[in-house]
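Those letters in the sequence shown? Residues 2 to 368, per the numbering used here, in order.
Structure first, then comments.
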Amino acid sequence: MGEIIMEITVKKAEPGHMKPKPQDETQLGFGDIFTDHMFLMDYEAGKGWYGPRIEPYNDLNIDPAAMVLHYGQEIFEGLKAYRGTNGGIYLFRARDNFARLNRSAQRLCMPEVETDLVMEGLIKLIEIDQDWVPRTKGTSLYIRPTMIATEPHLGVRPSNTYLFYIIIGPVAAYYKEGLNPVKIWVETEYVRAAPGGTGEAKTSGNYAASLLAAEKAKERGFTQVLWLDAVERKYVEEVGTMNMFFVIDEEIITAPLTGTILPGITRDSVLHILKDWGMRVSERSLTIDEVVEAAEDGRLKEAFGTGTAAVISPVGQITYKEKDYVIAGGKMGELSQRLYNEIVALQYGEKPDPYGWVEKIVPPGQR
Ligand SMILES: Cc1ncc(COP(=O)(O)O)c(C=O)c1O
């Protein structure tokens, strides 16, 4: 049986119903502003995905018994589009995000999406709302693909119906610190994900489970928590919304993908780039004791988080068992800065992309 090509229908917002765009792009925060349109499609068991469409951004109409509201069958992604200095719009590794969405779908017993179809929907959506893609340096268009279980049914089993949608909105830096180093609390009481659990899936429950520890850390003046493994509370895993890298002597270390951490796209990009730079990189288990010993001996040169939201976020201090360890003099390290510059230059189409990560979706000057 051949592929059924689905037509994406478009219903544009009435000119009088368009939202005002942010006037001052330097004041853009993160995650509060959304554009005029959204992409949606529906799924029904036995029928598959149907009705791909772009519509004016609006409330969702779901039944109070919709299974997502009771049993948490929800998965999402986070990626960005960038306005290049030449005015064109670029996507960075979007297909890898949809591949990860499909892995999350498998783990949560949800249907996979057709990457070509959702890519087409996303690109069409960005084309329609292209004036919303900000132009100021450091800003971008955040993209949130989401899938929810919509069947009105109480009783624990996978839903028979789903809604997939993509919303987009202009953003600036994720952390108020920007590129300034963040302070991280090493969490010893709560855990984020256990072996065999859902840690490597991007699903809302993981984030709900992380809130209490993160709130307590914030009260103590920390930006995020660093999670340790759930079994021994010994191995360093990841930070709230970032994968972690530690530079000890000449070795750059990040936790291996053993199922409890999110396989970050930025993490993967950093690994590729570091290998190309001929650096010694290891995906290996790293104990928190090894980290703090290295910090005490002056061998912990840098620590940084990687993620779509902040790209590279230098860590200036970690606190473990009430003891503070200042890293790289509390400043952004040389390697963190070099990686940030490299990845940002690729994302904004400022330098040739040897990896095939960057996709130009709207040419400069198109209107
Ligand atoms: C828990 C967690 N770890 C790591 C990351 C970084 O992943 P990526 O580089 O794909 O944004 C994120 C952000 O999506 C995250 O939520």
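Here a beta-carbon is modelled for each residue, glycine too, at the ideal position from N, C-alpha and C.
Which residue comes first and which comes last in the alpha helix (DSSP H) that contains residue i?
i: Leu227; result: Taken as a continuous stretch (DSSP letters only), Leu227 belongs to no alpha helix (DSSP H), being part of the beta strand (DSSP E) at Gln225 to Leu229.
i: Val293; result: Ile289 to Glu297
i: Phe99; result: Ala95 to Arg108
i: Glu75; result: Where Glu75 is concerned, there is no enclosing alpha helix (DSSP H), although the beta strand (DSSP E) it sits in stretches over Glu75 to Phe77.
i: Leu347; result: Glu335 to Gln348
Contact defined as beta carbons within less than 8 angstroms: I believe residue i pairs with residue j. What is the distance between those atoms, to the nearest angstrom?
i: Ala194; j: Ala231; result: 7 angstroms
i: Tyr166; j: Phe40; result: 6 angstroms
i: Ile144; j: Ile169; result: 5 angstroms
Counting along the chain, where does the beta strand (DSSP E) carrying residue i start and finish?
i: Ser314; result: Val312 to Tyr321
i: Met120; result: It is not in any beta strand (DSSP E) - Met120 instead sits in the alpha helix (DSSP H) that spans Thr116 to Ile129.
i: Lys324; result: Lys324 to Val327
Taking the DSSP output, what are the residues bridged to residue i?
i: Arg281; result: Glu252
i: Ser141; result: Val172
i: Ile90; result: Arg84 and Val363
i: Glu56; result: Met39
i: Asn244; result: Glu239 and Thr307
i: Ile209; result: Per the sequence presented here, residue 209 reads as Ala, with Ile not at that position. Ala209 pairs with nothing; no bridge assigned.
i: Pro146; result: Ile167
i: Leu301; result: Ile249
i: Glu45; result: Gly49 and Thr162
i: Val183; result: Val316
i: Pro196; result: For Pro196, which the question treats as bridged, DSSP gives no partner whatsoever.
i: Pro153; result: Ala67
i: Gln11; result: It is worth fixing the name first, because residue 11 is Val in this sequence and not Gln. Partner(s): Ile55.
i: Thr204; result: Ile76
Any 3 or more C-beta pairs closer than 8 angstroms across the stretch 120-140 and the stretch 348-367: They touch, by the three-pair rule.
Those residues, in chain order, that have a beta-carbon closer than 6 angstroms to some heavy atom of ligand 1: Taken from the N-terminal end onward, the list reads Gly79, Glu239, Thr242, Met243, Asn244, Leu263, Gly265, Ile266, Thr267, Arg268, Thr307, Gly308 and Thr309.
Contact the stretch 178-193 vs the stretch 148-155: 3+ CB pairs below 8 angstroms: Flag = no, the stretch 178-193 and the stretch 148-155 do not touch.
When the Cβ atoms of the stretch 216-229 are set against those of the stretch 125-139, are three or more pairs found closer than 8 angstroms? Proximity of the stretch 216-229 to the stretch 125-139 falls short of the contact definition, fewer than three beta-carbon pairs being nearer than 8 angstroms.
With three or more C-beta pairs closer than 8 angstroms as the rule, is the stretch 328-341 touching the stretch 305-316? Yes, since at least three Cβ pairs between the stretch 305-316 and the stretch 328-341 fall closer than 8 angstroms, the two stretches touch.
Please determine if the stretch 208-223 and the stretch 58-71 are in contact, where contact requires at least 3 C-beta pairs separated by less than 8 angstroms. Touching, no.
Validate contact between the stretch 94-109 and the stretch 8-19 using beta carbons, cut 8 angstroms, 3 pairs: Between the stretch 94-109 and the stretch 8-19, the count of Cβ pairs shorter than 8 angstroms is below three; the stretches do not touch.
Does the stretch 343-350 come close enough to the stretch 82-93 that 3 or more CB-CB pairs lie under 8 angstroms? Cβ pair count under 8 angstroms is three or more, so yes.
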